[in-house]
Amino acid sequence: MRKLKIGGWMSSQRRILTVALLCMSQGLVYAQDGVAGIQEANTKVRGYFDVGCNLMYAVGAILGLIGAVKVYQKWSNGHPDTGSTAAAWFGSCVFLVVVATVLKSFFGI
471 MRKLKIGGWM
481 SSQRRILTVA
491 LLCMSQGLVY
501 AQDGVAGIQE
511 ANTKVRGYFD
521 VGCNLMYAVG
531 AILGLIGAVK
541 VYQKWSNGHP
551 DTGSTAAAWF
561 GSCVFLVVVA
571 TVLKSFFGI
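Read the sequence shown against our numbering and you will find it ends at 579, with the numbers running on by one and no gaps.
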């Protein structure tokens, strides 16, 4: 007959808890000033913002080309929902351009 070792289970749970606490305390040792970290993040995000907006414009242009081809194919085949497909593709392109422009004006960049 085997006995259940409760002490073995508790000791492994204690080890896991000890390792977790040590990992968390090490992060506190290397922490920096909160204001300096926020200012550094702000500077980095503003540096990448123009590139991100240009990427959104490029994705909008590619979606516009793909949408134009899809709408032309539906129109050539005589599908009845060509207008709704054109509106959906055009709306997605306009959405990307408007979001990029609004974000630029909202953040003052």
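Every residue gets a Cβ at the ideal spot worked out from N, C-alpha and C, and that includes glycine.
{"Item": "Here's a check: name, in chain order, each residue in its chain whose Cβ is nearer than 7 Å to the Cβ of residue 464, leaving out the five neighbours to either side.", "Value": "The requested residue 464 is not part of the displayed model; the chain covers only 471 to 579."}
{"Item": "Are the CB atoms of residue 552 and residue 559 within a distance shorter than 8 Å?", "Value": "no"}
{"Item": "Using beta-carbon positions only, say whether residue 529 and residue 566 come within less than 8 Å of one another.", "Value": "yes"}
{"Item": "From which residue to which residue does the alpha helix (DSSP H) around residue 520 run?", "Value": "504–547"}
{"Item": "Do you know offhand how far residue 537's Cα is from residue 556's?", "Value": "7 Å"}
{"Item": "Should residue 541 go down as buried or exposed, given a rule of 16 or more other Cβ atoms within 10 Å for buried?", "Value": "buried"}
{"Item": "Report the rounded CA-to-CA distance for residue 511 versus residue 531, giving the unit in angstroms.", "Value": "30 Å"}
{"Item": "In three-state terms, what does DSSP make of residue 578?", "Value": "coil"}
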